[in-house]
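Asker:
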Amino acid sequence: MAARRATKKLTAPKKELLKYYRDMLLIRRFEEKAGQLYGMGLIGGFCHLYIGQEAVVVGLESVAMEGDKRITTYRDHGHMLACGMDANGVMAELTGRIGGYSKGKGGSMHMFSKERDFYGGHGIVGANVPLGAGLAFSDMYKGNKNVTFTYFGDGAANQGQVYETYNMAELWKLPVIFVIENNQYAMGTSVKRATKSSSFWERGTAFSIPGEQVDGMDVLAVRAAGQKAVKHCRAGKGPYILEIMTYRYRGHSMSDPAKYRTRDEVQKVREERDAIEQVRGRLLDAGATEAELKAIDKEIKDIVNASAEFAKESPEPDPSELWTDITVDA
Numbered sequence: 064m065a066a067r068r069a070t071k072k073l074t075a076p077k078k079e080l081l082k083y084y085r086d087m088l089l090i091r092r093f094e095e096k097a098g099q100l101y102g103m104g105l106i107g108g109f110c111h112l113y114i115g116q117e118a119v120v121v122g123l124e125s126v127a128m129e130g131d132k133r134i135t136t137y138r139d140h141g142h143m144l145a146c147g148m149d150a151n152g153v154m155a156e157l158t159g160r161i162g163g164y165s166k167g168k169g170g171s172m173h174m175f176s177k178e179r180d181f182y183g184g185h186g187i188v189g190a191n192v193p194l195g196a197g198l199a200f201s202d203m204y205k206g207n208k209n210v211t212f213t214y215f216g217d218g219a220a221n222q223g224q225v226y227e228t229y230n231m232a233e234l235w236k237l238p239v240i241f242v243i244e245n246n247q248y249a250m251g252t253s254v255k256r257a258t259k260s261s262s263f264w265e266r267g268t269a270f271s272i273p274g275e276q277v278d279g280m281d282v283l284a285v286r287a288a289g290q291k292a293v294k295h296c297r298a299g300k301g302p303y304i305l306e307i308m309t310y311r312y313r314g315h316s317m318s319d320p321a322k323y324r325t326r327d328e329v330q331k332v333r334e335e336r337d338a339i340e341q342v343r344g345r346l347l348d349a350g351a352t353e354a355e356l357k358a359i360d361k362e363i364k365d366i367v368n369a370s371a372e373f374a375k376e377s378p379e380p381d382p383s384e385l386w387t388d389i390t391v392d393a
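Taking my numbering, I'd label the letters of the sequence shown as residues 64 to 393.
1) Just to confirm, are F212 and R297 a CB contact at a threshold of 7 Å?
2) Below 8 Å on the Cβ atoms is my guess for M174 versus S165; work out the distance and round it to an integer in Å.
3) Can you give me the Cβ contacts of T258 inside the same chain, cut-off strictly under 7 Å, excluding the 5 residues immediately before and after it?
4) Counting beta carbon pairs with one atom in the segment 275-293 and one in the segment 232-247, are three or more of them shorter than 8 Å?
5) Is DSSP giving L234 helix, strand or coil here?
6) What residue range is occupied by the uninterrupted alpha helix (DSSP H) comprising N191?
7) Does the contact criterion of 3 or more C-beta pairs under 8 Å hold for the segment 266-274 versus the segment 195-210?
8) Please identify the residue among E265, Y323 and M87 whose C-alpha is closest to the C-alpha of E306.
9) With contact counted as at least three CB pairs below 8 Å, one residue from each stretch, are the segment 107-121 and the segment 157-171 in contact?
10) With C-beta atoms as the reference, is T309 less than 7 Å away from G344?
11) For S176, which of helix, strand or coil comes out of DSSP?
12) Considering just the uninterrupted stretch of the alpha helix (DSSP H) at R345, what are its terminal residues?
13) Within the same chain, show all residues whose beta-carbon is closer than 7 Å to that of E372, passing over the 5 residues directly before and after it, in chain order.
14) Indicate whether V192 and D217 have their beta-carbon atoms separated by less than 7 Å.
15) With a threshold of 16 other CB atoms inside 10 Å of the CB of E129, please say whether the residue is buried or exposed.
16) Identify which residue in L283, P320, P382 and V225 has its Cα closest to the Cα of E79.
17) Label S370 either buried or exposed according to how many other C-beta atoms from any shown protein chain fall within 10 Å of its C-beta, with 16 as the threshold for buried.
18) Leaving out the 5 sequence neighbours to the left and right, which residues in its chain are closer than 7 Å to L198 when beta-carbon positions are compared?
19) From the DSSP secondary-structure annotation, give me the bridge partner or partners of E275.
20) Can you tell me whether DSSP reads F93 as helix, strand or coil?
21) Of the choices T158, S176, T136 and R179, whose alpha-carbon is the least far from that of I187?
22) In angstroms with no decimal places, state the Cα-to-Cα distance between L385 and S262.
23) For G184, would you say it is in contact with chain B, using Cβ-to-Cβ distances shorter than 7 Å as the test?
24) Alpha carbon to alpha carbon, how far is Y312 from E353?
25) Report the residue from C146, S318 and T74 whose alpha carbon sits nearest the alpha carbon of L89.
26) Would Y83 and V121 be called neighbours here (beta carbons separated by less than 7 Å)?
27) How is the beta strand (DSSP E) around I134 delimited, first residue to last?
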């Protein structure tokens, strides 16, 4: 079993840092715009924003290869954008329009892209974990080197089906990386009040699954841990657990006022640990200019604003769409 990584100064080339900066900024600005559209009544139902957690999925996507799969819960917009799904299609799906990835029928919590190997978006807490193991079983059966990134939160980490999946995944040596996005509050209860475990990754010890705890506010730390995890899985050694310590700035969903924590706590994380600001600082140290970074910010804002306009202009699905995508011909 691996212990938590010692803090060290991680570095990367400027070109690589620019990509991380752009990808994380796209998620941040997209989520901010989604929050605005929700407030305007253009997004219905539930809407869970990923603001603050961007380094997790961007860091792990940087170690993914063609054919790797990803499956997650309902805080999923960031995962979609990070794996290459188009902002227009994601935003249109959030607003329930035909131009969305699931033709407006999935909404925020249930959209898919087979082309990008993105298998949801799942609303039932923890239910995506055994599905992720199933995706990994398919790759093992086919004999390829692909892995499945199975994301879930600290709240889902207490679900029984997670541990049933751990048992099967290690027994069958499935190439699955269990990614626990520990944002410390689940739906609204502090981890300290919800579990006696000092960490979640160590629960894999009972199943002989290795893992580690990672600083999820540092994209380079996530990347380094991801490289180790995919190497383990691609070598046929079975599953790996990454407990990534992160923090969401907004409430659990748009309807959550987040009164279970103080504004000072949130502000302290924003000022001292923000993932995007960390990369920004590294870029300036690497020779990037303020003008370069402002140009990226403008580019991202233009993409996000265009996605909002695309969503508004895309028509709602025809009622006949209620009868499509229900069954499959086999």
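Every residue gets a Cβ at the ideal spot worked out from N, C-alpha and C, and that includes glycine.
Answerer: Considering the structure as presented:
1) Contact: no.
2) Confirmed, Cβ separation roughly 4 Å.
3) For T258, where only same-chain residues beyond five positions count, the Cβ hits under 7 Å are N221.
4) Output reads yes: the segment 275-293 touches the segment 232-247.
5) Helix.
6) Going by DSSP, N191 is part of the alpha helix (DSSP H) stretching over N191 to K205.
7) They do not touch, by the three-pair rule.
8) Of the candidates E265, Y323 and M87, the one whose C-alpha sits nearest the C-alpha of E306 is E265.
9) At 8 Å Cβ cutoff, the stretches touch.
10) No. Outside cutoff.
11) Three-state DSSP puts S176 in a strand.
12) Residues A338 to D348.
13) Excluding positions up to five away in sequence, the list is empty.
14) Contact annotation: V192 and D217 have beta-carbon atoms that are not nearer than 7 Å.
15) Around the beta carbon of E129, a 10 Å sphere encloses fewer than 16 other beta carbons of the protein chains shown; the residue is thus reported as exposed.
16) Looking at the Cα atoms, L283 is the closest of the given residues.
17) With a 10 Å radius around the Cβ and a threshold of 16 neighbouring Cβ atoms, S370 comes out buried.
18) These residues qualify, in order along the chain: K132, I134, Y182 and T211.
19) Bridge partners of E275: L305.
20) DSSP, reduced to helix, strand and coil, places F93 within a helical segment of the structure shown.
21) When each option's Cα is compared against that of I187, the closest is T136.
22) Cα-Cα distance, rounded: 44 Å.
23) Of the protein chains in this structure there is only one, and it is not chain B.
24) If you take the alpha carbons of Y312 and E353, they lie about 25 Å apart.
25) Closest option to L89, Cα to Cα, is C146.
26) Y83 places its beta carbon less than 7 Å from that of V121.
27) K132 to I134 is the span of the beta strand (DSSP E), which, as asked, contains I134.
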